[in-house]
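Engineer: Residues in the sequence shown are numbered consecutively from 344, following the numbering used here.
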Amino acid sequence: RASGSPCLDYYIKRCQAPCVGYVSREEYRENIDAIVRFLSGRYREVERDLVERMAAASESQEFEQAAVLRNRLRAVRSLFERQRVAHEAVGTLDAIAVAVEETHANAQVFQVRDGILADRRSFYLENRAGRHEDEVAEEFAIQYYSTSLSIPAEIVGPASLAAAAVVKQALEERRDAPVELRHAQRGEKRRLYELAERNARLAIEQDKLRSERSRQQRVDALNDLREALGMDALPVRVEGYDISNLGSSHTVASMVVFEGGAPRKADYRRFKVRALAGRQDDFAAMQEVLSRRMARWVEQRDLSPHDPERDRSFASLPALIVIDGGKGQLSSGVRALDAFLEAGVVVVSLAKRLEEIYLPGRQQPILLPRDSRALQLLQRIRDEAHRFAGDHHRQRRTQSMKKSVLDELPGVGPVRKRTLLRHFGSPERFLGATREELEAVPGLPGKVARQIHEQLNKTG
344 RASGSPCLDY YIKRCQAPCV GYVSREEYRE NIDAIVRFLS GRYREVERDL
394 VERMAAASES QEFEQAAVLR NRLRAVRSLF ERQRVAHEAV GTLDAIAVAV
444 EETHANAQVF QVRDGILADR RSFYLENRAG RHEDEVAEEF AIQYYSTSLS
494 IPAEIVGPAS LAAAAVVKQA LEERRDAPVE LRHAQRGEKR RLYELAERNA
544 RLAIEQDKLR SERSRQQRVD ALNDLREALG MDALPVRVEG YDISNLGSSH
594 TVASMVVFEG GAPRKADYRR FKVRALAGRQ DDFAAMQEVL SRRMARWVEQ
644 RDLSPHDPER DRSFASLPAL IVIDGGKGQL SSGVRALDAF LEAGVVVVSL
694 AKRLEEIYLP GRQQPILLPR DSRALQLLQR IRDEAHRFAG DHHRQRRTQS
744 MKKSVLDELP GVGPVRKRTL LRHFGSPERF LGATREELEA VPGLPGKVAR
794 QIHEQLNKTG
């Protein structure tokens with residue numbers, strides 16, 4: 344520090360002020376090494392080091408420093424006791440357990456260092472192939488330790504993992520040292536493994552409960568929406584549409600799909616609005632997009648599900664279409680959806696200001712309570728359509744901003760474009776160059792230089 348005095352962190356004991364030389368490089372390095380040992384789980388080394396430093400400070404009659412080290416030692420020991428899960432003799436190991444139920448699985452990893460639980464990690468796994476716990480445990484161990492920062496010398500797990508020679512070989516190659524895979528039968532290690540196994544099964548059950556609760560909430564929201572809109576059946580498939588533009592440029596639209604009350608992102612689609620010819624007209628844009636959507640359904644509705652030409656998203660008939668906007672957007676959309684309306688599709692629009700729901704042929708909008716599950720579902724669909732359209736619009740705008748006059752010049756590819764910009768330093772200097780200056784560019788043929796000059800002056 345230029346001032347020669349330390350910052351506030353030094354005075355509140357948060358730093359030793361190496362910036363002004365209050366601590367030597369060697370002392371600072373010792374503290375960094377101690378932090379590394381602590382975070383690596385080498386707790387016994389940390390404890391021994393604190394005891395030795397405290398005794399040395401006391402012998403040197405540096406009682407204030409000895410008191411600081413004593414308090415630090417107490418804090419560390421208190422932390423150890425709270426996290427202790429086994430006797431110190433258990434040493435350092437990882438306990439791995441896996442639970443499988445149908446297409447779901449959970450793996451638990453207990454990282455034990457000197458008998459202290461340094462970390463517990465839980466992983467939710469997909470098991471679409473319906474594999475047995477033994478296979479899942481072996482595959483998980485290989486994947487987990489392929490990216491893990493460290494591999495302990497001992498791993499306690501199910502019997503199948505302990506017998507997996509391929510896993511043992513892979514871990515030893517990565518650790519560059521022996522690794523013992525074992526299935527403990529008794530004692531502290533057995534207790535640790537059983538604890539990890541119970542946690543894995545409990546995690547599977549909790550995940551099932553969360554999934555079931557979430558599914559039921561979605562069904563309830565769809566049922567509320569059906570009642571609010573007077574529909575005969577649950578709107579299982581809902582499509583949301585929004586227009587995004589900036590003035591009259593890059594007008595695009597989005598189509599998002601919710602099935603069973605949840606997003607189905609594989610069926611999302613984007614549209615580039617074609618027919619506006621430089622005008623800004625959200626009503627016309629919405630009409631064009633919905634016309635194209637319905638036309639695609641008419642083309643594909645009779646195709647076999649196995650037909651390679653079939654697009655599931657366009658071939659599926661929605662129960663409900665949600666348009667972002669008010670009466671105007673709804674009127675434009677309805678004019679384009681004759682075939683959908685004949686097939687029983689319900690079309691509504693959701694206006695942002697008061698969250699009014701407009702239906703065709705109904706003068707007054709529907710106003711639902713703000714905490715209504717039906718309204719919240721419509722808002723999610725509307726907001727997702729808005730986000731998806733906005734992302735597409737930003738992408739197109741960014742791409743157009745990357746284009747320059749150099750992209751349209753004859754005989755200028757990426758390499759010559761870089762050469763011209765490097766030679767002139769900026770697009771402005773390039774645009775103002777004379778024919779002689781262009782002909783003087785190294786590596787640029789004279790004929791190409793004259794063509795560029797002619798093109799620039801012709802177009803202005």
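C-beta atoms are modelled at their ideal positions from N, C-alpha and C, and glycine is treated no differently.
#1: Could you tell me whether the segment 407-419 touches the segment 467-475, where touching means 3 or more Cβ pairs closer than 8 Å?
#2: For V363, collect the residues of the same chain with a Cβ closer than 7 Å to its Cβ; drop the 5 residues on either side in sequence, then sort them by chain order.
#3: For P361, which residues of its own chain have a beta-carbon under 6 Å away from its beta-carbon, when the five flanking residues on both sides are left out?
#4: Applying the criterion that 16 or more other CB atoms from any shown protein chain within 10 Å of the CB defines a buried residue, is F601 buried or exposed?
#5: If you draw a straight line from the C-alpha of R644 to the C-alpha of F767, how long is it?
#6: In whole angstroms, what is the alpha-carbon distance linking A410 and V499?
#7: Distance check for G687 and G676, CA to CA, integer angstroms please.
#8: According to DSSP, V808 sits in a beta bridge with which residue or residues?
#9: Which same chain residues, not among the five before or five after Y467, have their C-beta less than 8 Å away from its C-beta?
#10: If I measure Cβ to Cβ from N542 and keep anything under 6 Å in the same chain, skipping five residues before and after, which residues do I get?
#11: Just curious, the alpha helix (DSSP H) that V677 is in, first and last residue?
#12: Taking the alpha carbon of V443 as the point to measure from, which residue in R525, A520, E478 and H736 has its own alpha carbon closest?
#13: Can you tell which of R456, F423, L422 and E445 has the C-alpha that lies nearest to the C-alpha of A438?
#14: Name the two residues that bound the continuous beta strand (DSSP E) containing V755.
#15: With three or more beta-carbon pairs closer than 8 Å as the criterion, would you say the segment 519-534 touches the segment 561-570?
#16: Would you identify the three-state DSSP class for H447, choosing helix, strand or coil?
#17: To the nearest angstrom, report how far apart T762 and L752 are at their CA atoms.
#18: Please look up how many angstroms separate the CB atoms of R653 and L660, rounded, as I've assumed it's under 8 Å.
#19: List in chain order: all unbroken alpha helix (DSSP H) runs of 4+ residues lying wholly within the segment 591-616.
#20: Just to confirm, is the Cβ distance from E481 to L514 under 8 Å?
#21: What residue from L702, R705 and I795 has the CA that sits closest to E779's CA?
Structural biologist: Well, looking at it:
#1: no
#2: R344, G347, S348 and P349
#3: Y371
#4: buried
#5: 58 Å
#6: 40 Å
#7: 15 Å
#8: Residue 808 cannot be examined here, being either before or after the span of the chain that is shown, 344 to 803.
#9: H447, A448, N449, A546 and D550
#10: Q451
#11: K670 to R678
#12: E478
#13: R456
#14: Segment: none, V755 is in no beta strand (DSSP E) and carries neither H nor E.
#15: no
#16: strand
#17: 14 Å
#18: Contact doesn't hold; Cβ gap of about 14 Å is too wide.
#19: none
#20: no
#21: I795
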